[in-house]
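Here is the structure we will look at.
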Amino acid sequence: MESLPITPKDRENLAQFLGNLVDTSILLRREVHDFLDYCDLMAPKKGEIIADIGQVGEALFFVLEGHGCLMAQMPESEMEIGKIEPGEMLGEMSFFDRKPREVRLRAGADTRLLRISRAMYQRLRLERPLLAVLLLEAAIISLDHLYRRTSTDMTQLNRYIHRTGR
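Position in the sequence shown counted from 1, then plus 51, gives you this note's numbering.
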């Protein structure tokens, strides 16, 4: 999947998008634009693999448009076990813990992603620590959203199983 340049129009749209994710009372618009200097864009088509099972995450992604799917490999097929919506991160677990992915990350629709590579994240940590902290906060919030959705799904599944089993 090739990266795309960030155009001036993209920068404005992305700055607005990122401004909705962070507390703009502590972050200047210029700093949001500065963050974009560490990133690039990607545009996987529906069904395209973003990152595969067994890979260690060398980048993390913000879903801008479309959605990402977390796919578990079954003996004969794949099964969707989670969905990552616009405004959320994708790929942060393997990126931060450096363990091989246990699920495949696949574009669930034509999707636009903002990507930050490990090398650029390392530079960001050194050069712009406030931005790195805000990125970590966004990762925590994104994981929280996924955990809550998964917990809700599991609760509904358990209710269904236990009601049916009577």
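Ideal Cβ placement from N, Cα and C applies to all residues, glycine included.
Quick caveat: nothing in here was measured; it's all calculated off a predicted structure.
Decide if the stretch 171 to 180 is in contact with the stretch 126 to 134; the criterion is three or more beta carbon pairs, one per stretch, under 8 Å apart. The stretch 171 to 180 makes no contact with the stretch 126 to 134; the number of CB pairs closer than 8 Å stays below 3.
Of all the beta strand (DSSP E) runs that stay within the bounds of the stretch 145 to 189, which reach a length of 3 or more residues? Counting only runs of 3 or more, we get 155 to 158 and 163 to 168.
Using DSSP's beta-bridge definition, name the partner residues of Phe113. DSSP output for Phe113 lists Met140 and Leu165 as bridge partner(s).
May I have the straight-line CA-CA distance separating Asp61 from Leu182, to the nearest angstrom? Looking at the two C-alpha atoms, the distance is approximately 19 Å.
For a quick check, are the C-beta atoms of Ala158 and Cys120 less than 9 Å apart? Contact: yes.
Can you list, in chain order, the residues of its chain whose CB lies under 7 Å from that of Leu194, leaving out five sequence neighbours each side? Close CB contacts of Leu194 within its chain, under the 7 Å cut and outside five residues either way in sequence, are with Glu143 (chain order).
Are the beta-carbon atoms of Val107 and Arg80 separated by less than 9 Å? The answer is no: Cβ separation not under 9 Å.
Near Phe112, which residues of its chain fall below 6 Å by C-beta distance, leaving aside the five closest residues on each side in sequence? Excluding sequence neighbours, Phe112 sits near Leu141, Gly142, Leu164 and Arg166.
Taking Gly119 as part of the alpha helix (DSSP H), name the residues at either end of that continuous run. In this chain, Gly119 is not harboured by any alpha helix (DSSP H); it is covered by the beta strand (DSSP E) spanning Gly119 to Gln124.
Compute the beta-carbon to beta-carbon distance between Thr201 and Gly133, rounded to the nearest angstrom, for a pair I have assumed lies under 8 Å. Contact between Thr201 and Gly133 holds: CB atoms are separated by about 6 Å, below the 8 Å threshold.
How is Ile192 classed by DSSP in three states: helix, strand or coil? Residue state for Ile192 is assigned as helix, using DSSP reduced to three classes.
Is DSSP giving Lys60 helix, strand or coil here? In the structure shown, Lys60 sits in a helix (DSSP, three-state: H, G or I).
Comparing alpha-carbon positions, which option in Asn209, Arg214, Ala66 and Asp91 lies nearest Pro56? With distances taken between Cα atoms, Pro56 lies closest to Asp91.
Which one or two residues does DSSP pair with Tyr133 in a beta bridge? The residue asked about is misnamed: residue 133 is Gly in this sequence, not Tyr. Beta-bridge pairing links Gly133 to Leu121.
Cβ shell of Met52 (< 6 Å), same chain only, five flanking positions each side left out: Around Met52: Met93 and Pro95.
For the alpha helix (DSSP H) that contains Asp85, what are its first and last residues? Arg80 to Leu87 is the extent of the alpha helix (DSSP H) around Asp85.
Sequence-distant residues of the same chain with beta carbon closer than 8 Å to Gly105, five excluded per side: Correct list, in chain order: Pro151 and Arg152.
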